[in-house]
Each structure stands twice: as structure tokens, then as C-alpha cells.
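Colleague: Numbering (my numbering), first residue to last: 494 to 808.
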Amino acid sequence: MNDAIFTGCIPALMTPCTADRQPDFDALVAKGRELIELGMSGVVYCGSMGDWPLLSEAQRQEGVARLVEAGIPTIVGTGAVNSKEAVSHAAHAAKVGAHGLMAIPRVLSRGTSATAQKAHFSAILDAAPNLPAVIYNSPHYGFATRADLFFALRAQHPNLIGFKEFGGADDLRYAAEHITSQDEDVTLMVGVDTTVYHGFVNCGATGAITGIGNALPREVLHLVALSKKAAKGDVVARRRAKELEEALGVLSSFDEGADLVLYYKHLMVLNGENEYALHFNESDVLSDAQRHYIEAQYDLFRTWYAQWSAALDDT
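1. May I have the straight-line CA-CA distance separating residue 672 from residue 546, to the nearest angstrom?
2. Excluding sequence positions up to five away, which residues of its chain have a Cβ less than 7 angstroms from the Cβ of residue 635?
3. Would you call the region 557-565 in contact with the region 614-623, where contact means no fewer than 3 C-beta pairs closer than 8 angstroms?
4. Looking at C-alpha atoms only, which residue of 732, 756, 766 and 777 is the closest neighbour of residue 786?
5. Just mark residue 554 as buried or exposed, buried being the case when its beta carbon has 16 or more other beta carbons within 10 Å.
6. So, for residue 709: in the same chain, excluding its five sequence neighbours on each side, which residues have a beta-carbon less than 6 angstroms away from its beta-carbon?
7. Go to residue 478, then tell me how far its alpha helix (DSSP H) extends in each direction, as first and last residue.
8. Output needed for residue 688: all residues of its chain with C-beta closer than 6 angstroms, excluding positions within five of it in sequence on either side, in chain order.
9. Smallest Cα separation from residue 799: which of 741, 508, 580 and 596?
10. If you reduce the DSSP assignment to three classes, tell me which class residue 770 lands in.
11. Starting from residue 646, trace the alpha helix (DSSP H) both ways and give me its first and last residue.
12. Per the DSSP calculation, residue 623 is bridged to which residue(s)?
13. Among 568, 623 and 519, which residue has its Cα nearest to the Cα of residue 629?
14. Using DSSP with H/G/I as helix, E/B as strand and the rest coil, what is residue 547?
15. Tell me which residues share the same chain as residue 698 and place their Cβ nearer than 6 angstroms to its Cβ, disregarding the 5 neighbours each side in the sequence.
This is the structure:
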């Protein structure tokens, strides 16, 4: 099984909207293709960044099919309240030739039950046994997957090859200490933009799934490249990775909050991509204060990065 899809830097795509607030699949594919051409190793579609709770099953699967048909390496999010729908997304991903699965915990109904979550994950993995999959661990979904459950699942499902950790620095450390260090064939993906350096250098991550990388792809690819070098002991890369991550700190921190899609779509609009101006619900908008804050932080970062990168030697 080829698990190379879970390496490098992978943006979690947002879903652009048409004027009548329907998914704009042409724009989705265009963005996916653009990011791959810039150096991203693949894309995730229909994680939380893709607004999966706001799309129908058919809409989600059309987006996946369109991305795969366009030749874009695609990891499919399986978030659902009902396990049967999660299974449908996994089976569809396998049918259309997607490259990997992100197994998202069952939410709301029995979401805190380890027994229910084990059955949920098993059903997803069974539905696409030839697709490499990672479990998406996030406290925002109300359930933390720990080592005992992970390895019980892995013993039954060889396609479970890794962990995407969205819980922050402490949870990344737990995953590295108790999961990936127990089995060298298990991969760890950084799942939150504020912990890229920590994930690669201190936790042995093989890749990063990014939100802010939709708006700042070159800069995030730069951070990942520096972090990979720092993980091998490069002293200069270590210092520069820390500088870059600190400068990105506020923009990256929006990845941790409930308004992450609103913030990052607004950055896309600031980049001139007006297909990201709308959200599926009309009431889902940033306040004037939020817009002013992120705009000021975006201007500050871009000014800093232009000067900082110009002063660097090649690394």
C-alpha cells in the first residue's frame, strides 16, 4: 500500500461558493491544481475546512470526484453524524480513485463512547481497505483517540497507517511518544498550523495538513522545508523555522478557532480570489472588528516576510 500521500505539505481545501451559495466545483479544482503546481503534495477535501457539515452527501462526493478526475492527489474527509454516511464517503473515495482517507470520529450521537468510535472507525476502514487512512484526532470533535484504541484498530485494519493530530502541542507529543514511537511504520501528520515546527522537530512528523497554506502556500511550504531541515539537526534552519513560525503565529492561530473558514476565506479574498467571498449560510460572516484585525495582521506578516526572506541566504 502506497502511503506517500501522507507526507509533505497538504492544504485542507475550502469550498468556494457561487453567487447563489452553492459549491463552485470549477473553482475548487482550479485551486487544488494551483496548490499542487506550487509544490503541495496533495489536498484534503471535506475536512472541517471544507465545511463538510454544510454540504450534502452528493455535493461532497461530487467535489471529491472532480478533484480526482483532474489528477489532483486527494485525501477524503469522512466526517459524519451517522456512521453509514461516513462509510458511504469512504466507499465513494475508493470507487473514484482517491488517494487516502481521513477517518473523522463520529460526532454527537455516542461521540464520547470508545466502543461506538471503534465501530465507527472500523466501518470506515472496512469500506476502503486498499486506501491508506489516518485517524483525525481533534478535541473539537469531542473524542480523543489513544494508543490502545489506535493499535486495536490497526491490528484489524492494515490500511490504518497513521495519525493526524489536531489537538495541539501536548497531543502531538502524546502521539509521538505513545503511538508513532511504538511502530516505525505509523506516520504522524501535523494537523494544526501553530505546531508545524514542534511536529517535525520534536515529534517526528512526516507531513503537515494546513489551513493557512491555502492563502500563503509559498510561505507555509518554506516553513515545512525549514522544519524538515531542523529535524535533521540543521542549526540555521532551526533558527529560521522558529522565526517564521513566530511571525505566522497570529494568522496560524485562526486554525484553532470556530471561525477558521471565515478567516481564511477572507484572506483568499484579500489575495484577489473573490470566489471565496461567500459562505453557505448568509449569517456566517466576520464582524468588522475581526476583519480589521486579520487584515492588519496579514499586512504585517507580508511586510515582514518580504524583508526577512530577501535577507536570507539560500537554505
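Heads up, the beta-carbon is just placed ideally off N, CA and C, and yes, glycines get one too. Being a predicted model, the structure only gives us computed values, none of them experimental.
Modeller: The structure says:
1. Along the sequence shown, one-based indexing puts residue 672 at 179. Along the sequence shown, one-based indexing puts residue 546 at 53. Distance between the alpha carbons of residue 672 and residue 546: 29 angstroms.
2. Stepping through the sequence shown from its first residue, residue 635 is reached at position 142. So the list reads 600, 604 and 605, once near-sequence residues are dropped.
3. no
4. Here residue 786 refers to the residue found at position 293 of the sequence shown. Residue 786 has its Cα closest to that of 756, out of 732, 756, 766 and 777.
5. Along the sequence shown, one-based indexing puts residue 554 at 61. Residue 554 should be labelled buried.
6. Position 216 of the sequence shown holds residue 709. Nothing meets the Cβ criterion.
7. Nothing in the structure corresponds to residue 478, since the chain is present only between 494 and 808.
8. Along the sequence shown, one-based indexing puts residue 688 at 195. Excluding residues within five positions, the ones whose Cβ falls inside 6 angstroms are 662 and 665.
9. The sequence position of residue 799 within the sequence shown is 306, counting from 1. Of the candidates 741, 508, 580 and 596, the one whose C-alpha sits nearest the C-alpha of residue 799 is 741.
10. Taking the first residue of the sequence shown as position 1, residue 770 is located at position 277. Reduced to three states, the DSSP call for residue 770 is coil.
11. Position 153 of the sequence shown holds residue 646. Taken as a continuous stretch (DSSP letters only), the alpha helix (DSSP H) holding residue 646 covers 640-649.
12. Here residue 623 is taken as the residue at index 130 of the sequence shown, counted from 1. Answer is none; residue 623 lacks a bridge partner.
13. Your numbering for residue 629 matches position 136 in the sequence shown. Checking every option, the nearest Cα to that of residue 629 belongs to 568.
14. Taking the first residue of the sequence shown as position 1, residue 547 is located at position 54. Three-state result, residue 547: helix.
15. In the sequence shown, counting from the first residue as 1, residue 698 sits at position 205. Contacts found: 681, 683 and 692.
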